[in-house]
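Visitor: Line by line, the protein sequences give chains F, D and S.
When you line the first sequence up against my numbering, it's residues 1 to 204, in that order.
When you line the second sequence up against my numbering, it's residues 205 to 571, in that order.
When you line the third sequence up against my numbering, it's residues 572 to 728, in that order.
Here it is, the structure, as structure tokens.
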Amino acid sequence: MTLSAATLTPGFADAVHDAQAVFRCALTALSRPGQWAAVPHLPPAPAPLSPAAAAMILTLADMDTPLWLDPVLSTPDVSGWVRFHTGAPLVSLPEQAAFAVIADCAALTALDRFSLGTAEAPDLAATLIVQLPPQEADADARILTGPGINGSVSLSVSGLPDAFWADRDAFAPLFPQGVDVLLTTPGAVCGLPRTTRATLSAAG
Amino acid sequence: MYVAVKGGEKAIDTAHQLLAEQRRGDTAVAELTLDQIKNQMTLAVDRVMTEGSLYDRDLAALAIKQARGDLMEAIFLLRAYRTTLPRLATTEPLETDALRIIRRISATFKDLPGGQVLGPTFDYTHRLLDFALAADGEAPVPVPADAAPLEPCPRVTALLNAEGLIEPDLAADDAEPGDITREPPLYPADRAVRLQTLARADEGWLLALGYSTQRGYAKSHPFAGEIRIGSVDVEIIPEELGFPVCIGSIEVAECEMINQFKGSKTTPPQFTRGYGLTFGHGERKAMSMALVDRALRARELGEDITAPAQDEEFVLSHGDTVESSGFTQHLKLPHYVDFQSELVAVRALRAEYDARRRARSGEQGEL
Amino acid sequence: MSAAPSPLTAGQQARQRWIGILAEIPLPELEAAAAALPQQPGYTFLRAPEIGSALIRARSGGTGSRFNLGEMTLTRCAVRLDSGLTGFSWVAGRDRRHAELAAVFDALMQDPALSDSLDRTLITPAEQRRDAARHSMAAKAAATRVDFFTLVRGENE
């Protein structure tokens, strides 16, 4: 594949330091599940890739991390941009991916398509970078519990199918296997690591 | 097992300061520059790059200076730096056929197409200390650059191939070669993994093992089929362009050993090959590597495995200086808790032993 | 893996040549050539100069299966000129400025208004100096070429 140089957009303005700041942000998001963190540097990403998801890709992906783009994101511009800036091998099957980037949230079912890691190597599990659709005001609230949460925290997110939450629950007994999720809006990120349990709020 | 200890920050800081002072030595003597190391300690730079597994002459010179000339320490420094680099590309396989040759010799054929080119070798020096170098020497007389250029130098093994008397070494498959910097080695290891491990291995280790094969520990009957030293272009195929481009050139030393082979159940009598390749002018390392590569092919060629140099787990897992010096030197770290428990155990054993002896001499006294 | 390579177009061959030469030009020559440009080009980084490594592959026996010999330092850069032309560079070593200027000149060399003069003043002279240095080294090596005479081991003669 030869890139279309004409449409290529830059990555981070300061590749090393911006990636370090965004890495700190991703770390905070995964260690404080359910709390939104503003992404400190947002690259000019090619549509339909969102700036926050693009920042996560620039920060986390490299030549050694196979990356899967969902069908909505598998455009020449997005594929070319990811390859140009990260060198990550783009894979056609979700189970091959270390990172999976998802824009079509309605289709985010059957999470067992992704690698859950193995009992011996749970680090081989996939991390899903999810671009949420514009959020509705009256989204269902979920009560999150688990490591990194003092008691419980409420998270209201719209656009994720019930099967997404059900599959996460189904993986709970498999721990340390499972998938980690980074939910993104255009400018912020929220972590849902495999250790976080979510229940639909009775009040919601 | 060792345990973490706290404290000592001030002593450690001062020790580092003392290290820096000793590194610098007498300040009345001019400080060594990296350019001097890079240009005048070239074989040390070559070795640090080869075993440090990173071709960068400036960094290797810095590592040598920082390590006070301790090449193993310098190799460690370069390896540590290497791990901080994002990997941006994988090169096309080096075209060593196209080496711009500065040295090329064969011990198997006297008259070679392209000829025998001695190059900058120690081989015919008399190993007498040259006191002229101890005085502030004048620049050596330059070698005139007016000789007719070399003819193409085909590989010596290609000459033997014509007779069908040497095993071919063909690009067997397109499988991605394993990378020990990414996946831990598993035994048995394939040849690609073995060669990568040997390329990073300690020269002294490979030299000793290679020597052992010559002395009969693995009968390999080696001949230096060909030794080539020179520079070669390095190419990558960037995805942005889709065609190969040259990113620079590196110097390498290549050795192909040719070994007599009487044949086995699976392989007819023929000459077999061992291969060595290093950065820079690492000729001795390349030769040693080729001897050990050949010895490690015993299983593949159906030979009996009788000697240390043929035992791949033994050879491959003990040749890395970062690992071996690390594990040896970790013995210096505090083992106080471990040793306390051993002390208790030995005291108890000794008390039992003494009691048994007293009891026995008591019994004897009664006889 | 790359499929069987298709022959390069004349344009690709020309670009392959100047990219390779730009990677090996000493930095002072690049700086001088940049300073001598009739008009300083405006550009933005598509990919700011970045230091990393390239995994060096070789083949067993020179011709056999591939293996990983080691790594080398590599700096890459990509720029887009204000004119819209994009330039890339991949330069052995860790010199960010070299990579930046090599990418700028890769872009400028694609500009028909500049390519001939840049080739004449920068690329070709650098190529000639590189070739002369290689030729000189090869000639010195050739001066150490030796013919060994095998003496007959005739103890009884």
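Where a beta carbon is used, it is the ideal one built from N, C-alpha and C, also for glycine.
How would you call D/Gln-320, buried or exposed, if buried means at least 16 neighbouring beta carbons within 10 angstroms?
Guide: buried
Visitor: Using 8 Å as the limit for Cβ to Cβ distance, is S/Glu-600 near chain F?
Guide: no
Visitor: Note down, in chain order, all residues in the region 384-398 of chain D with a beta-carbon under 7 Å from any beta-carbon belonging to chain F.
Guide: Arg-386
Visitor: Check this for me: beta carbons of S/Thr-646 and S/Glu-621, under 8 Å apart or not?
Guide: yes
Visitor: Does the beta-carbon of D/Ile-509, which I'm using as the reference point, lie nearer than 7 Å to any heavy atom of the ligand GDP?
Guide: For the structure depicted, the ligand GDP is absent and the ligand set is empty, with no information on it obtainable.
Visitor: Along the region 626-638 of chain S, what residues have a CB closer than 9 Å to any CB found in chain D?
Guide: Listed by position along the chain: Leu-626, Ile-627, Arg-628, Ala-629, Arg-630, Ser-631, Gly-632, Gly-633, Thr-634, Gly-635, Ser-636, Arg-637 and Phe-638.
Visitor: Does any residue of chain C bring its CB to less than 8 Å from the CB of D/Val-347?
Guide: Among the protein chains in the structure shown, which are F, D and S, there is no chain C.
Visitor: Can you list, in chain order, the stretches of the beta strand (DSSP E) that have 3 or more residues and sit fully within the region 366-405 of chain D?
Guide: For the region 366-405 of chain D, not a single whole beta strand (DSSP E) run of length 3 or above is found.
Visitor: Could you check where the alpha helix (DSSP H) with S/Val-688 kicks off and where it finishes?
Guide: Note on identity: in this sequence residue 688 of chain S is Ser, with Val being the wrong assignment. Segment 683-689, the alpha helix (DSSP H) holding S/Ser-688.
Visitor: On a Cα-Cα basis, can you pick out the residue from D/Leu-292, D/Ala-232 and D/Met-245 that is closest to D/Gly-484?
Guide: D/Met-245
Visitor: Checking 8 Å against the spacing of the C-beta atoms, do D/Pro-426 and D/Asn-463 come in under that value?
Guide: yes
Visitor: Measuring CA to CA, which of D/Lys-214, D/Ala-265 and D/Asp-230 is closest to D/Asp-239?
Guide: D/Ala-265
Visitor: So D/Met-461 is in the beta strand (DSSP E); what residue range does that whole segment cover?
Guide: 449-465 is the span of the beta strand (DSSP E), which, as asked, contains D/Met-461.
Visitor: Based on the DSSP output, what are the partners of D/Val-575 in its beta bridges?
Guide: Any property of residue 575 of chain D remains undetermined from this structure, which presents chain D solely from 205 to 571.
Visitor: Touching or not, the region 425-441 of chain D and the region 303-314 of chain D, by the rule of three or more beta carbon pairs under 8 Å?
Guide: yes
Visitor: Can you say whether F/Gly-204 is buried or exposed, counting buried as having 16 or more other CB atoms within 10 angstroms of its CB?
Guide: Residue confidence is low: F/Gly-204 scores 44 on pLDDT, short of 50, so the model does not pin down where it sits. No coordinate-derived value is stated.
Visitor: Use the C-beta contact count for S/Ala-663: other C-beta atoms within 10 angstroms, 16 or more gives buried, fewer gives exposed.
Guide: buried
Visitor: With a CB to CB cut of under 7 Å and the five nearest residues on each side skipped, what residues in its chain are close to F/Pro-147?
Guide: Thr-195
Visitor: With a Cβ-Cβ cutoff of 8 Å, do S/Glu-602 and D/Ser-257 count as a contact?
Guide: no
Visitor: Counting only beta-carbon separations shorter than 8 Å, does F/Met-63 have a partner in chain D?
Guide: For F/Met-63, the nearest CB of chain D lies under 8 Å from its own CB, placing it at the interface with that chain.
Visitor: With distances taken between CB atoms, is the gap from F/Thr-199 to F/Val-130 smaller than 8 Å?
Guide: no
Visitor: Looking at the structure shown, is D/Ala-563 part of a helix, part of a strand, or coil, going by DSSP?
Guide: DSSP, reduced to helix, strand and coil, places D/Ala-563 within a helical segment of the structure shown.
Visitor: Do you know how far the Cα of D/Val-550 is from the Cα of D/Tyr-391?
Guide: Answer to the nearest angstrom: the Cα atoms are 38 Å apart.
Visitor: In angstroms, rounded to a whole number, what distance separates the CA positions of D/Gln-544 and S/Glu-671?
Guide: 60 Å
Visitor: Drop a sphere of 10 angstroms on the beta-carbon of F/Val-101, count the other beta-carbons inside from all chains shown, and report buried for 16 or more, exposed for fewer.
Guide: buried
Visitor: F/Arg-24 touches chain D at which residues, Cβ-Cβ below 8 Å?
Guide: Within 8 Å Cβ-Cβ: nothing; F/Arg-24 doesn't reach chain D, min ~18 Å.
Visitor: Nearest chain S C-beta to D/Thr-361 closer than 8 Å, yes or no?
Guide: Cβ-Cβ to chain S under 8 Å: yes for D/Thr-361.
Visitor: Which of the residues in the region 438-459 of chain D, read from start to end, lie with their CB under 8 Å from any CB of chain F?
Guide: Glu-443, Glu-444, Leu-445 and Gly-446
Visitor: Comparing alpha-carbon positions, which option in F/Glu-120, F/Asp-70 and F/Ala-137 lies nearest F/Ala-106?
Guide: F/Asp-70
Visitor: Does the contact criterion of 3 or more C-beta pairs under 8 Å hold for the region 310-326 of chain D versus the region 336-356 of chain D?
Guide: yes
Visitor: Just how far apart, CA to CA, sit S/Ala-681 and S/Arg-665?
Guide: Per the sequence shown, residue 681 of chain S should be read as Gln rather than Ala. Approximately 25 Å, taken between the alpha carbons.
Visitor: Nearest chain F C-beta to S/Leu-645 closer than 8 Å, yes or no?
Guide: no
Visitor: Mind listing, in chain order, the continuous beta strand (DSSP E) runs of no fewer than 3 residues lying wholly within the region 240-328 of chain D?
Guide: 291-294 and 304-309
Visitor: What are the residues of the region 278-308 of chain D that lie near chain F, defined by any Cβ-Cβ distance shorter than 9 Å?
Guide: Pro-290, Arg-291, Leu-292, Ala-293 and Thr-294
Visitor: Pick out whichever of S/Arg-701, S/Ala-604 and S/Phe-616 has its Cα sitting closest to the Cα of D/Ser-453.
Guide: S/Arg-701
Visitor: Determine, using beta carbons only, whether F/Trp-122 and F/Pro-48 come nearer to each other than 8 Å.
Guide: The identity of residue 122 of chain F in the sequence shown is Pro, whereas the question assumes Trp. Taking 8 Å as the Cβ cut-off, F/Pro-122 and F/Pro-48 do not qualify as a contacting pair.
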